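Protein chains in written order, with the working numbering: chain W, 1 to 180; chain P, 1001 to 1180.
No residue lacks a Cβ here, since even glycine has one placed at the ideal position from N, Cα and C.
Given the structure is predicted, the values throughout are model-derived calculations rather than measurements.
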DNA sequence: TGATAATATATGACATGTCATGGATGTTAT
DNA sequence: ATAACATCCATGACATGTCATATATTATCA
């Protein structure tokens, strides 16, 4: 619009709102991939937030409830080794669920430093929406991606996690590692 | 404190730290994919943070500088249409860069609501590290992924963004849309 | 023109994510 | 036993991300 192909030295008088595309294409395909992963994560998180709002849950909180439903009781430390959304010990995240009445705690039998967290009945009640949400996501993904594509992406992305702590969390969560 | 009626019926005598793997495998391959994307994004962001810390920049701040380097001057609104890391108008994000002296602003010629932001010399100086960081990421990705894998992932992930605002941002950033 | 809607920006509010620190408790090595 | 070390947890600090709201300015149109 504002740019003429034969007037490269002259700054546009009415610059387009998002500027001109850089001449060389500053983004390599690899940078594009990096931002693409960011974009999908962000967009997915917004969608998830919206769906979980009906249960007064954030995506991170829903991940905690989901994990507890499968493996309670867990300590903060154990939970931290399973969470993908956050590293370290999820003190505040779990506390927000205690505040909401979805999670309660017991003292640990043999380690007075640790607490054991488990779902309350109200917490378990949120599982209906969480599972419905997960199914909706499954439906969305399987409508857009062939099984073969999913396998390719899965194998490629696992390569990128090679050797990291979060890879261990993924493997613990999805069945390749029994425990720790 | 000890046992409530909603506590698990049988407390494991020696619970493993991360609990037992759920019998049915609660995560479908599609849920695994969802968490995998989250995991890669998180791990990448931590790595990026670490590398950019030498320039006192966060990943989001580096994205702003990168975009401005290619397309300055931009308004907040124009920048917001190009940013992947954040939706809406990045007031606070850009302000943090003004505070650090990496970005300055002019008044817009024809719209008194808008401001035009551009890089200061100090801001341009950070591009050396930003580009070095991007090259390091490119090297990492190309060492682990074949070109064909990158194409597959790219095409699959773009499908997931179909019709969203962030897809427009990706297209504007990476050359499929000239302007707006 | 005048009223209405749309846009650009700023900011409060809230919940993350990440790192660092510190206190309490448990484990290990001597 | 005990001193050194490691682990569990809580919390302060900082920068996001997201949404909602408020204000100023511009665009639209009856």
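- Separation of the CB atoms of residue 1038/P and residue 41/W is rounded to 6 Å, and the pair is thereby assigned contact status at 8 Å.
- By the criterion of a C-beta distance shorter than 6 Å, residue 29/W is surrounded by no residue of its chain, once the five residues flanking it on both sides are discounted.
- For residue 61/W, the secondary structure class from DSSP, reduced to helix, strand or coil, is helix.
- Residue 145/W and residue 1159/P do touch by the CB rule: their CB atoms are close to 7 Å apart, below 8 Å.
- When C-alpha distances from residue 131/W are compared across 55/W, 175/W, 117/W and 88/W, the shortest belongs to 55/W.
- Counting C-beta pairs with one atom in each stretch, the segment 108-123 of chain W and the segment 42-54 of chain W have fewer than three that are closer than 8 Å, which means they do not touch.
- Against chain P, the CB of residue 94/W has no partner CB under 7 Å away; the residue lies outside that interface.
- Ranked by how close their Cα comes to the Cα of residue 75/W, the residues 94/W, 86/W, 84/W and 147/W have 94/W in first place.
- Going by DSSP, residue 115/W is part of the beta strand (DSSP E) stretching over 115-119.
- Per DSSP, residue 106/W is one residue of the beta strand (DSSP E) stretching across 103-107.
- Secondary structure of residue 129/W (DSSP, three-state): helix.
- In its chain, beyond the 5 residues on either side, 75, 114, 115 and 116 have a beta carbon closer than 8 Å to the beta carbon of residue 108/W.
- Here residue 1161/P carries a coil assignment [DSSP, helix/strand/coil].
- At a cut-off of 7 Å between C-beta atoms, residue 1051/P does not count as an interface residue with respect to chain W.
- DSSP, reduced to helix, strand and coil, places residue 1074/P within a strand of the structure shown.
- Per DSSP, residue 86/W is not a residue of any alpha helix (DSSP H), being assigned neither H nor E.
- In the DSSP annotation of this structure, residue 17/W is not part of any alpha helix (DSSP H), being labelled neither H nor E.
- Collapsing the DSSP output to three states places residue 1171/P in a helix.
- Rounded to the nearest angstrom, the gap between the Cα atoms of residue 124/W and residue 101/W is 11 Å.
- Neighbourhood of residue 40/W in chain P, by CB distance below 7 Å: 1037, 1157, 1160 and 1161, in chain order.
- The C-beta distance from residue 172/W to residue 82/W rounds to 6 Å, short enough to fall under 8 Å.
- Listed by position along chain P, the residues whose Cβ is nearer than 9 Å to that of residue 81/W are 1017 and 1018.
- Counting along the chain, residue 1039/P sits inside the alpha helix (DSSP H) bounded by residues 1029-1052.
- For residue 1093/P, the enclosing alpha helix (DSSP H) stretches over residues 1091-1100.
- Counting only residues of its own chain and dropping the five nearest sequence neighbours on each side, residue 80/W has a CB closer than 8 Å to the CB of 86, 87, 88, 89 and 90.
- A check of alpha carbon separations from residue 1157/P across 170/W, 149/W, 163/W and 164/W identifies 149/W as the nearest.
- The beta carbons of residue 1027/P and residue 174/W sit closer together than 7 Å.
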